[in-house]
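**Q** Handing you a structure now.
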Amino acid sequence: MRLHVANHPLITHKLTVLRDKTTPSSVFRSLTEELVTLLAYEATREVRVEPVTIETPVTTTVGVMLSQPRPLVVPILRAGLGMLEGMVKLIPSAEVGFLGMVRDEETLKPSTYAERLPDDLSGRQCFVLDPMLATGGSLIAAIEFLFKRGATDITCICLLGSPEGVAAVEAATVDANVMLVLGALDERLNESGYIVPGLGDAGDRLYGTV
Ligand SMILES: O=P(O)(O)OC[C@H]1O[C@H](OP(=O)(O)OP(=O)(O)O)[C@H](O)[C@@H]1O
Ligand SMILES: O=c1cc[nH]c(=O)[nH]1
Ligand SMILES: [Mg+2]
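Quick note on my numbering: the sequence shown kicks off at 1067 and runs consecutively.
Here you go:
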């Protein structure tokens, strides 16, 4: 697994507002969208392109366009849905698949309650969106789901990650072509499995369900 942690003052500024417990849901939603667009810039550095010849008003030139098959973007419901708009703004031609997962807050184990993905993901570049990488259980389950459908090229974008979650994803994806892009790598998990300093429950903060 390759890890990229954003080191950019604009991203850190936006994350600071996101972390603030007084930030209302409406602002939290806009910032999440802005942050994913900034992180997607790094996450799509290896997006596949192919040469195309075009005519400018001045001459003929060779540029590039995204290759087929189109990239697949997979938000993990619920909180990952808050990242979808920011991602498809950058790649409007992407196809979108969905995985619904929820973590049991006692056992911290994830379960999958919804799935809408193409049957065959071989040859597809997949971009998984989830704001929070805590124990890593949800992201690992999502990655394994995509592997079972034949995916071999997966990039995950998370706003915040814990060292424990990064280590777990790393251990689960040895030798696989997986990239993890984080807005920030936080200090640790607390005894309830929440990221510290973190931002609380991303789903609740996005959708006002505290
Ligand atoms: O790394 P983990 O320990 O698995 O925790 C992270 C998961 O927890 C959150 O989802 P949650 O289960 O709260 O569902 P929600 O998006 O519906 O709020 C978050 O969006 C991740 O999917
Ligand atoms: O800190 C955390 C951990 C899991 N899920 C969240 O939304 N936040
Ligand atoms: Mg939640």
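Note that the Cβ used here is the ideal one computed from N, Cα and C, for glycine as well.
1) For VAL1162 and THR1127, I'd like the C-alpha separation in whole angstroms.
2) Just reading off the beta strand (DSSP E) that MET1131 is part of, what are its end residues?
3) Identify every run of the beta strand (DSSP E) within the stretch 1222-1263, keeping only runs that are complete inside it and at least 3 residues long; order them along the chain.
4) Are there three or more Cβ pairs, one per stretch, closer than 8 Å when the stretch 1113-1131 is compared with the stretch 1165-1176?
5) When you measure from the CB of GLY1249 to every non-hydrogen atom of ligand 2, does any distance come out below 7 Å?
6) Helix, strand or coil, according to DSSP, for VAL1093 in the structure here?
7) In three-state DSSP terms, what is MET1167?
8) What is the rounded straight-line gap between the Cα of ILE1120 and the Cα of VAL1276?
**A** Reading it off the structure:
1) 32 Å
2) 1126-1132
3) 1244-1251
4) As far as the Cβ criterion goes, the stretch 1113-1131 does not touch the stretch 1165-1176, which means the pair count is below three.
5) no
6) helix
7) It is a strand residue.
8) 52 Å
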